[in-house]
Amino acid sequence: MIFSIAIILLSGIIAGRLAEKAGLPSLLGMILAGIAIGPFCLDIVDSRLLDISRQLRTIALIIILARAGLSLDMKVLRRLGRPALLMCFLPACTEIAAMALLAPLFFDISALDGAIIGTITAAVSPAVIVPKMIKLSNEGAGMEKGIPQLILAGASVDDVIVIVLFSAFASLSAGGSFSLSRFARIPPAIFIGLLAGLAAGYIIGRA
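Once you know that position 72 of the sequence shown is 707 in the working numbering, the rest is easy, because the numbers rise by one and skip nothing.
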C-alpha cells in the first residue's frame with residue numbers, strides 16, 4: 636500500500652509539472668495521471684488503497700477546508716456582511732432550482748433527476764478554489780473588496796449544503812424517504828462547528 640501511495644504522489648507531481656510546462660493547469664495533469672494508474676487503465680494501485688478511497692477523500696476535504704478556514708480574515712468577512720452570507724448558499728440554490736425547472740424541458744428526465752444533476756453542477760471544487768484564492772490573497776489581488784475571502788467562505792459552506800441536498804435527492808430518487816429534519820440540521824451543524832472552531836482556536840492561542 637505504501638508503494639501505491641508513493642506511485643500516486645510521484646505520478647501526480649510529475650504529471651502536474653508537465654501540464655504546467657504545456658501551459659495547462661497542473662490539476663489536469665494530476666487527474667490524467669490518476670486515470671492512467673487507476674483500475675481502468677494500468678491498474679497499478681493496490682486494491683486495498685481503493686477500498687479506503689472514500690475515507691482518504693474525506694480526510695483530504697477536511698485538510699483543504701481547514702486550510703481555507705485558517706486563511707479567512709474575520710474582519711474582512713464582517714465588513715462584507717450580507718454578500719458573504721448570500722455567497723454561501725444563493726449561487727448553489729439558484730443553480731439547483733434552475734436545473735430542476737429547465738432540465739425536464741430539454742431532456743426526458745424528471746424534475747427530481749434535474750435537481751440531482753443541479754447539485755452535481757453546483758458543487759465547487761475546494762481543491763481548485765482554495766489554493767487559487769489563497770494565492771490571490773497572498774498577492775494582494777482583490778483584497779480591497781475582499782473578493783478572495785468572499786469566495787473562500789462561500790465555497791466552504793456551499794459544499795456542505797450541496798452534499799446534504801444531493802443525499803436527500805438521491806434518497807428520494809432511489810425510492811427512499813426523506814424528512815425536512817435533515818435540512819433543519821444544517822444550520823445547527825454549521826453553528827456548532829463554528830463554536831468548536833472558535834473554542835479550539837482560543838485554547839490554542841492561550842496555550
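Beta carbons: idealized from backbone N, C-alpha and C, even for Gly. Please read all numbers here as calculations on a predicted model, not as lab measurements.
* To do: Would you tell me roughly how many angstroms separate the C-alpha atoms of residue 742 and residue 650, rounded to the nearest one?
  => Between residue 742 and residue 650, the alpha-carbon positions lie close to 37 Å from each other.
* Classify residue 780 as helix, strand or coil using the three-state DSSP reduction. => coil
* Buried or exposed (CB count within 10 angstroms, at least 16 for buried), residue 797 -> buried
* Segment contact flag, the segment 731-739 with the segment 750-758, C-beta cutoff 8 Å, min 3 pairs -> Taking one beta carbon from each stretch, the segment 731-739 and the segment 750-758 have 3 or more pairs nearer than 8 Å; the two touch.
* To do: Using a threshold of 8 Å, state whether the C-beta atoms of residue 684 and residue 646 are closer than that.
  => no
* To do: Specify the secondary structure class of residue 607 as computed by DSSP and reduced to three states.
  => Coverage of the chain is limited to positions 636 through 842, which leaves residue 607 absent and any answer about it impossible.
* Asked: Which whole-angstrom value is the C-beta distance of residue 787 and residue 715, which I expect to be below 8 Å?
  -> Going by Cβ atoms, the distance from residue 787 to residue 715 rounds to 11 Å, so no, they are not a contact pair.
* Asked: Of all the options 704, 689 and 692, which has the alpha carbon lying nearest to the alpha carbon of residue 768?
  -> 704
* Asked: When burial is assigned at 16 or more other CB atoms within 10 Å of the CB, is residue 665 buried or exposed?
  -> By the neighbour-count rule (16 or more Cβ atoms within 10 Å), residue 665 is buried.
* Using the Cα positions of residue 677 and residue 805, report the straight-line distance between them to the nearest angstrom. => 32 Å
* Do residue 718 and residue 785 come within 8 Å of each other at the CB atom, strictly closer than that value? -> With contacts defined by Cβ atoms closer than 8 Å, residue 785 and residue 718 form a contacting pair.
* When the distance is taken between beta carbons, is residue 723 closer than 8 Å to residue 793? -> For the 8 Å CB-CB criterion, residue 793 and residue 723 form a contact.
* Secondary structure at residue 744, three-state DSSP: helix, strand or coil? -> coil
* Can you give the beta carbon distance from residue 672 to residue 680, rounded, assuming they're within the 8 Å contact cut? -> 6 Å
* Asked: Straight-line CA distance for residue 643 to residue 789?
  -> Between residue 643 and residue 789, the C-alpha separation is close to 30 Å.
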